[in-house]
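For the sequence shown, my numbering gives the first residue as 1, with consecutive numbering after it.
See below for the structure under consideration.
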Amino acid sequence: MQRGRTILSKEHFQLTIERLCHQLIEQYDDFSNTCLVGIQPRGVFFSDRLKERLTDILGSSNFDYGKLDITFYRDDFRHREKPLKAYSNQMEFLVENKKVLLVDDVLYTGRTIQAALAGLQDYGRPESVELVALVDRRFNRHLPIHADYVGITIDALDEAYVKVEWKETDTSDRILLYPHKV
């Protein structure tokens with residue numbers, strides 16, 4: 001297997017999450033009328049970390065937290081060789097008139113976010129939606145979508161592959177860049 005180049009090590013990974021949490025606190029203060037929504041499956045690892053750290057810093061979680069599956073909202077749902085695996089939604093609240101922080105690990109073409117916005121509408125009409133992305137591949141967009149909070153920006157060729165590894169499923173927390181899809 002081809003080895004990827006580490007672009008964010010375990011140490012800097014945690015610092016990046018810490019920085020993002022403080023940026024969110026600056027903007028949202030006590031998080032009243034705010035909810036955090038992780039996009040299934042890989043955005044949930046990131047949103048779990050944000051929720052945990054925000055709760056530690058604030059002393060409590062004064063916000064709703066959910067996990068949104070976008071499988072059936074994807075524009076390529078019926079164009080795949082293999083069926084997509086659906087995950088369960090864990091949204092025990094409505095987003096009606098709330099500020100939503102939508103969380104994903106990698107912002108690439110924007111299609112995942114488009115699907116998440118469509119899925120989010122099933123839970124009401126939010127006051128606002130902002131995107132938190134751990135990795136922003138800013139030159140590879142297919143849709144006019146941008147992240148409001150970014151951990152790291154990576155300028156890579158379209159053929160390159162960015163892989164976020166999480167200690168929950170991989171060897172450790174880190175971000176790798178491969179010259180081609182692995």
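Ideal Cβ placement from N, Cα and C applies to all residues, glycine included.
Integer Cβ distance of residue i from residue j, believed to fall under 8 Å
| i | j | result |
| --- | --- | --- |
| TYR149 | GLN23 | 6 Å |
| ALA86 | ASP69 | 6 Å |
| ILE154 | VAL135 | 6 Å |
| PHE13 | ASP173 | 4 Å |
Neighbourhood of residue i by C-beta distance below 8 Å, restricted to the same chain and skipping five residues each side
| i | result |
| --- | --- |
| HIS142 | THR109, GLY110 and ARG111 |
| ASP75 | ARG111, GLN114 and ALA115 |
Where residue i sits in the DSSP three-state scheme
| i | result |
| --- | --- |
| ILE154 | coil |
| LYS163 | strand |
| TYR28 | helix |
| TYR65 | strand |
| ILE17 | helix |
| TYR87 | coil |
| THR71 | helix |
For residue i, the first and last residue of its enclosing beta strand (DSSP E)
| i | result |
| --- | --- |
| ARG3 | Looking at the DSSP string, ARG3 is not in any beta strand (DSSP E), and its letter there is neither H nor E. |
| ALA133 | 128-136 |
| ARG174 | 174-178 |
| VAL102 | Residue identity check: residue 102 is Leu in the sequence provided, not Val. That run of the beta strand (DSSP E) goes 99-107. |
| LEU143 | No beta strand (DSSP E) contains LEU143, which DSSP labels as neither H nor E. |
| VAL37 | 34-39 |
Status (buried if at least 16 other CB within 10 Å, exposed otherwise) for residue i
| i | result |
| --- | --- |
| GLY43 | buried |
| PRO126 | buried |
| MET1 | In this predicted model, MET1 has a pLDDT of only 46, less than 50, meaning its place in the structure is not dependable enough to derive any value. |
| VAL182 | exposed |
| ILE183 | The displayed coordinates of the chain run from 1 to 182. Any statement about residue 183 would go beyond what the structure contains. |
| ASP105 | buried |
| LYS82 | exposed |
| THR34 | buried |
| LYS67 | buried |
| ARG137 | buried |
| LEU157 | exposed |
Delimiting residues of the alpha helix (DSSP H) encompassing residue i
| i | result |
| --- | --- |
| ILE57 | 42-58 |
| LEU120 | 111-120 |
Same chain, Cβ closer than 6 Å to residue i, neighbours up to 5 away in sequence not counted
| i | result |
| --- | --- |
| ASP30 | ASN62 |
| PHE93 | ASP64 |
Close beta carbons around residue i, own chain, < 7 Å, minus the five adjacent residues each side
| i | result |
| --- | --- |
| LYS167 | ASP173 |
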